[in-house]
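Per our numbering, the very first residue in the sequence shown carries number 4; after that it's consecutive.
Even glycine gets a Cβ: it sits at the ideal position worked out from N, Cα and C.
For clarity, every value in this text was computed on a predicted model and none was experimentally measured.
Each remark here refers to the structure printed beneath this line.
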Amino acid sequence: MNKSYSDATKYLLTNLNRIRPIDNCSKILDVGCGTGRTLITACTKYGCGGVGVDLSDEQIKDAKNTLKKINIMRKRNGHKPLNIKFVRGSGSELRKLFPRSKQFTHVLSQDALLFVVDKESLFKNMFRLLVSGGALAIADFLAERPQADFSAHERRTIYKMLNWNEDLSFVARSRSFPQKRQLSALRSR
Ligand SMILES: C[S@@+](CC[C@H](N)C(=O)[O-])C[C@H]1O[C@@H](n2cnc3c(N)ncnc32)[C@H](O)[C@@H]1O
C-alpha cells in the first residue's frame, strides 16, 4: 500500500512537472493535502513553496508537526526552511480561503477530490487560482463497483476521528457530474 501510494505521488509529480516545469519560483496548492507528504515531497524536490488545504484539523496538525521537524533538520544542515503553509479548510470553499485570484503556478490533489461535496465550486476555484498557463494534476481513487453509502454510525465515527467539519461525498452529485442513478446505469452497460 505504501509503495503504491508513493508510486502514485511520483507519477502525479512527474506529470505536473511535465505540464509546466516546477522550479524554485513555483507556488503549489495541494487540495486535500492530508499529512502534507505530497506537497512536502514536491517542495523539497523542486525548492518551491506552497499551501496545503485539508478539511481535517487532525491531518493539518500532523502536517504542521512534520513540517516543523523537517525545517529544524534543514536549518541544522544549513538549508533554507521549506516555505509551506498548511491550512484547515474545505475544497468546496476555496473562494473563502483564497479570495484573490491567480496565486498558484500549480494545483495538485492526491486521493482527496472524491470526498469534496461541491465539485462545481472546487473546479471553478482551482482554475481561478491558477496563473495563466498554470498546471493542474489530479490523482484519485476510482471505484471498481458500486459503493454503498456509509451508515450513520460509520459517518459519525469518521467525523469524530478526523474532526471533519462538513459532509462528504463518495459519489459525484453536482450538476456537471452523473447522478448516482446514472452512474449505476453507466456501470451496467
Ligand atoms: C486519502 S486522504 C489523502 C491525503 C493526501 N492527499 C495524501 O495523498 O496523503 C484524503 C484527504 O482528503 C481530506 N478531505 C476530505 N474531504 C475534504 C474536503 N472537502 N476538502 C479538503 N480536504 C478534504 C481528508 O481529510 C483526507 O486528509
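| Asked | Found |
| --- | --- |
| Please name the residue, chosen from Glu123, Asn86 and Asp114, that lies closest to Gly52 on a Cα-to-Cα basis. | Asn86 |
| What residue range is occupied by the uninterrupted alpha helix (DSSP H) comprising Ala70? | Looking at the sequence shown, residue 70 is not Ala but Leu. Asp60 to Arg79 is the extent of the alpha helix (DSSP H) around Leu70. |
| Return yes when the C-beta of Phe89 is under 7 Å from any heavy atom of ligand 1, and no when it is not. | no |
| Pop quiz: Gly137 and Arg23 are said to be a contact at Cβ under 8 Å. What is the actual Cβ separation, rounded to whole angstroms? | 6 Å |
| Taking 7 Å as the cut-off, does the CB of Asp65 come closer than this to any heavy atom belonging to ligand 1? | no |
| Is there at least one non-hydrogen atom of ligand 1 closer than 7 Å to the beta-carbon of Thr38? | yes |
| To the nearest angstrom, report how far apart Ser95 and Asn68 are at their CA atoms. | 25 Å |
| Reducing DSSP to helix, strand and coil, say where Ala45 ends up. | helix |
| Could you compute how far the alpha carbon of Asn18 sits from the alpha carbon of Glu123? | 24 Å |
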